[in-house]
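The block underneath contains the structure these notes are about, expressed in structure tokens.
Protein chains: 2
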Amino acid sequence: MEPIDVFKALSNKTRLNILHWLKEPEKHFPKQGAHLPKEVSYKGGVCVGDIQDKAEASQSTVSHYLNMMQKAGLLESVRYGQWTYYRRNEEAIRQFAEYFQTEI
Amino acid sequence: MEPIDVFKALSNKTRLNILHWLKEPEKHFPKQGAHLPKEVSYKGGVCVGDIQDKAEASQSTVSHYLNMMQKAGLLESVRYGQWTYYRRNEEAIRQFAEYFQTEI
DNA sequence: TTGACATATCGAAAAAAATCGATATATAAT
DNA sequence: ATTATATATCGATTTTTTTCGATATGTCAA
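Pasting the structure below:
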């Protein structure tokens, strides 16, 4: 986790929102596309299309956001068939918060 | 403290360095300009010129960096005569670390 | 009051990031 | 096989950030 990449990924309102929404997917994505049983899908994350619907940005922009957040270490993804599910990488985020507290 | 402004301020190697150096000014600015007795000057922070010497960037760039870090809430400044001393705003940083831990 | 110094601000040029539509790729359904 | 759907990638444009030198402002010393 490169601190600068993490900070850059967090320097945008929409990306910050996405990270926030993914903290409680059931709450923020109630009408989640019914591709998979709820348990699987929430555990595994939220698919790009559903995230895109909430974030008001184009498909390519959202895809790019998610990719950069993943590269920064904030998110992880799983692919189920044609869908990619993104979820928070809680362990990495926790570690980064610790780094922040001690090093910044 | 606007989180996004803070994250932006932290999205740069030199600015991150400055914040780090100011954590232990005695260690990183041993040859501090002798304008003021050491106690006063370290307590009050480090002057722009000394920071500029370490950060390899132009005077205007460093001044701009410090200004944006202050606006973000990470630094505070005191003016003694013709010098401006910058130091960390520890209380704000602590608060922000807490925000990070609970909200991000 | 003039000259030297520290810092801030201005204005412009260069570099990087954001953003989109179009297209590619991969999977699924018919 | 063909078509539809989800996501990723490409290429181009716009916007933002970075960075500098020049200049302005404020302070101190002679």
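From first to last, the protein sequence lines are chains S and E. All letters in the first sequence, in the order written, are residues 1301 to 1404 by our numbering. All letters in the second sequence, in the order written, are residues 1301 to 1404 by our numbering. Every residue, glycine too, gets a C-beta built ideally from N, C-alpha and C. Since the structure is predicted, the reported quantities are computational estimates derived from the model, not experimental observations.
- Look at the beta carbons and you see the segment 1341-1353 of chain E not touching the segment 1371-1384 of chain S: under three pairs across the two are nearer than 8 Å.
- Contact fails between the segment 1353-1360 of chain S and the segment 1368-1377 of chain S, because fewer than three Cβ pairs, one in each stretch, are under 8 Å apart.
- Proximity of E:L1319 to chain S, defined by a Cβ-Cβ separation below 8 Å, is satisfied.
- Linking S:S1311 to E:K1308 through their CA atoms gives a straight-line distance of about 5 Å.
- Residue state for E:E1403 is assigned as helix, using DSSP reduced to three classes.
- If you draw a 10 Å sphere on the C-beta of E:R1394, you find fewer than 16 other C-beta atoms in it, and that means exposed.
- Around the CB of S:Y1386, 16 or more other CB atoms lie within 10 Å, so the residue is classed as buried.
- A direct Cα-Cα distance of roughly 15 Å separates S:E1391 from S:E1302.
- The beta-carbon of E:K1327 is placed no less than 8 Å from the nearest beta-carbon of chain S.
- Residues of the segment 1301-1319 of chain E that bring their beta carbon within less than 8 Å of a beta carbon in chain S comprise P1303, I1304, F1307, K1308, L1310, S1311, N1312, K1313, L1316, L1319, in sequence order.
- Proximity of E:I1351 to chain S, defined by a Cβ-Cβ separation below 8 Å, is not satisfied.
- Going by C-alpha positions, S:K1313 is about 7 Å away from E:I1304.
- Burial is judged here by how many other beta carbons sit within 10 angstroms of a residue's own beta carbon; E:Y1365 has at least 16 and is buried.
- Nearest in C-alpha terms to E:A1355, of all of E:A1372, E:H1320, E:V1306, is E:H1320.
- A check of alpha carbon separations from S:N1389 across S:G1373, S:L1316, S:I1318, S:D1350 identifies S:G1373 as the nearest.
- In its chain, beyond the 5 residues on either side, no residue has a beta carbon closer than 8 Å to the beta carbon of S:F1400.
- Between S:V1306 and the set S:Q1370, S:E1403, S:T1402, the nearest pair of CA atoms involves S:Q1370.
- By the beta-carbon neighbour count (other beta carbons within 10 angstroms, threshold 16), E:D1350 is buried.
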